[in-house]
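Structure first, then comments.
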Amino acid sequence: MTNAKGPVLFDLDDAAPTQTPAEAPPVPDTLDPALQGQAMTTAAALASRPVSRLARWFWSLLFALITTIASVAAWNFVTTLVSQNLYLGYAVAALFAVFLLVVLLIVIKELSAFARLGRIDRIQHAAETALASADLTAARTVIKDLTGLYAGRDDTKWGRDRLKDREADMFDASALIALADHELLGPLDAAARREVEAAARQVATVTALVPLALADVVAALGSNIRMIRRIAEIYGGRSGTLGSWRLTRAVLSHLVATGAVAVGDDMLEPILGGSILGKLSRRFGEGLVNGALTARVGVAAIEVCRPLPFAPGKRPSVRSIIKTALSGLVTTKSR
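Numbering-wise (our numbering), the sequence shown opens with residue 1451 and increments by one.
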C-alpha cells in the first residue's frame, strides 16, 4: 500500500467568521490577581486587631501581679542583704533606686508624648472648626497655638518669622490658615513625603529579596511603625514607644475600616504599566504591591499627624509617591 504524498485539502465552514489580527481584541493588561500585598495586609490586620475588654483586664491584672511580686521580692532581697552585709546591701538598694528613677523618667516621657499628640489633635480640630465657621478670631487662636507648638525649632524659624510679618494682613480665616500651611508646614510636608518614599522602597526591597516566611511581615510592620513615628516627630508629635504603637493602630485601623489596605488596578498599573508587571517575578511584584500599600499608610499618617487639615487639592498623591519611590526599582529589575 502506497501513501500518497501531496497537498491535503481541508474543507472550511463558509459560515465561520473570519478575523484579522488587527481586529482581534487586545490582550488583557491587568495586575496579577495573585499579587495581594500579603505582608502589608497581614501586618495591618495584626496592628489593627481590636483588643477585647476581657483581654485588657487579663493583661492589666497580670502586669499588676508581676509588679507586686517583683517589688516584694526585691524588698526582701535588699533587707536580707543589708542585715548580712551593710555596705553591699546599701549598694544594691542604690541600684534599685536608680532603676526606679529611670522607669519614672520613661513613664513621664511617654505621658508627655501622649500629651503632645493630643495637643496636635486639638489644633487640627480647632482649625477645621475655624474653617467651617469662617471665624477669624478662632483662626488667630489656631495660629498662636501652632507657632507655640513649633517654638524653639530651628527648621521652622524662617517660616514662623514670615508668618508673623504677614499675619496682620490677613482678614479671612481660610487665607490666614492657608498662609500658615504654606509657610510653616510646607517644608515639613516635604520631609514627611521623603520618609514615606524611603519606607515604601524599603518594604518593597525586603519583600522582593527576603524569601523567609513571616520575615516580610515583620519587616513591613517594623518599617511602617518607624515611618509613622518619624512622621509624628516631623510634625512635632515626639511620640514615645507606646505613643508610636497607639498611633500606628489608629492609622492602620482607619485604613482597614475604609478598605484602603487592598490592592486595586489603579495602584500600580497606571503608573508602572501592567506590561512591566507581567515581566516581573511574582516575588518582586509582591514587593511592589507591599511598597504601594506602605505609601497609602504613610499618606494616612501624614493626615493624622499634621496639625492643620489639607486644603482642597493639596493632599499628597499616593500615585506620585509610588511613582517616585518604586519606579527606579522597576527599571532596575526589568533590565
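Virtual Cβ for every residue (Gly too), placed ideally from N, Cα, C.
Buried/exposed call for residue i, threshold 16 Cβ in 10 Å
i, result
"Gln1534", "exposed"
"Ser1521", "exposed"
"Gly1687", "buried"
"Ser1510", "exposed"
"Ala1541", "exposed"
"Ala1669", "buried"
"Thr1606", "buried"
"Gly1602", "exposed"
"Ala1565", "exposed"
"Val1667", "buried"
"Pro1720", "With a pLDDT of only 48 at Pro1720, under the threshold of 50, the placement of this residue in the model should not be trusted; the figure read from the coordinates follows. Exposed, because fewer than 16 other Cβ atoms sit within 10 Å of the Cβ of Pro1720."
"Ala1474", "Because the pLDDT of Ala1474 is 48, which lies under 50, any placement of that residue in the model is unreliable, and the question is left without a value."
Distance between residue j and residue i (C-alpha atoms, nearest Å)
i, j, result
"Leu1599", "Lys1559", "17 Å"
"Asp1715", "Thr1657", "Annotation note: pLDDT 43 at Asp1715 (below 50); position unreliable, coordinate value reported separately. Their backbone Cα atoms lie some 20 Å apart in a straight line."
"Leu1738", "Arg1651", "8 Å"
"Ala1514", "Trp1695", "21 Å"
"Asp1571", "Ile1684", "15 Å"
"Arg1746", "Ile1771", "9 Å"
"Leu1586", "Thr1518", "54 Å"
"Arg1769", "Leu1596", "30 Å"
"Lys1764", "Ile1556", "38 Å"
"Ser1725", "Leu1776", "The predicted position of Ser1725 is uncertain, since its pLDDT is 45 and thus under 50; no value can be drawn from it."
"Pro1766", "Ala1642", "10 Å"
"Ala1523", "Arg1699", "36 Å"
"Leu1550", "Ala1582", "48 Å"
"Ile1678", "Ala1544", "38 Å"
"Asn1526", "Ala1751", "48 Å"
"Leu1554", "Ala1563", "14 Å"
"Phe1734", "Arg1506", "39 Å"
"Pro1762", "Val1701", "21 Å"
"Tyr1537", "Arg1676", "45 Å"
"Lys1594", "Leu1561", "24 Å"
"Trp1608", "Leu1629", "13 Å"
"Glu1736", "Arg1503", "36 Å"
"Leu1512", "Val1552", "22 Å"
Residue closest to residue i, alpha-carbon to alpha-carbon, out of the options
i, options, result
"Arg1680", "Glu1647, Lys1764, Leu1531 and Val1532", "Glu1647"
"Ala1654", "Ala1682, Ala1742 and Val1552", "Ala1742"
"Ala1640", "Asp1622, Val1749, Val1548 and Arg1569", "Val1749"
"Asp1604", "Ala1589, Leu1638 and Ala1584", "Leu1638"
"Phe1760", "Arg1569, His1575, Tyr1540 and Leu1531", "His1575"
"Thr1774", "Ser1673, Glu1645, Ile1675 and Glu1736", "Glu1645"
"Cys1755", "Ala1541, Gly1568, Arg1503 and Leu1536", "Gly1568"
"Ala1580", "Ala1625, Arg1616, Trp1608 and Thr1606", "Ala1625"
"Phe1621", "Ala1565, Lys1594 and Ala1584", "Ala1584"
"Asn1740", "Asn1674, Glu1753 and Leu1504", "Asn1674"
"Glu1753", "Glu1736, Lys1594 and Glu1578", "Glu1578"
Within 9 Å, strictly: CB atoms of residue i and residue j
i, j, result
"Ala1682", "Leu1671", "no"
"Leu1444", "Ile1573", "The question about residue 1444 has no answer, for the chain in this structure spans 1451 to 1785."
"Thr1744", "Ala1649", "yes"
"Ile1819", "Val1592", "The structure shown does not extend to residue 1819, since the chain spans only 1451 to 1785, so no value can be given for it."
"Ala1589", "Ala1623", "yes"
"Phe1508", "Val1528", "no"
"Phe1548", "Gly1539", "The residue asked about is misnamed: residue 1548 is Val in this sequence, not Phe. Cβ distance not < 9 Å, so Val1548 and Gly1539 don't count as in contact."
Minimum Cβ-Cβ distance from residue i to chain B less than 9 Å
i, result
"Tyr1537", "Note that chain B does not occur in the displayed structure, where there is just one protein chain."
Notebook entry, point to check: Given 8 Å as the limit, is there contact between the region 1593–1613 and the region 1631–1647, that is, 3 or more CB pairs closer than that?
Noted result: yes
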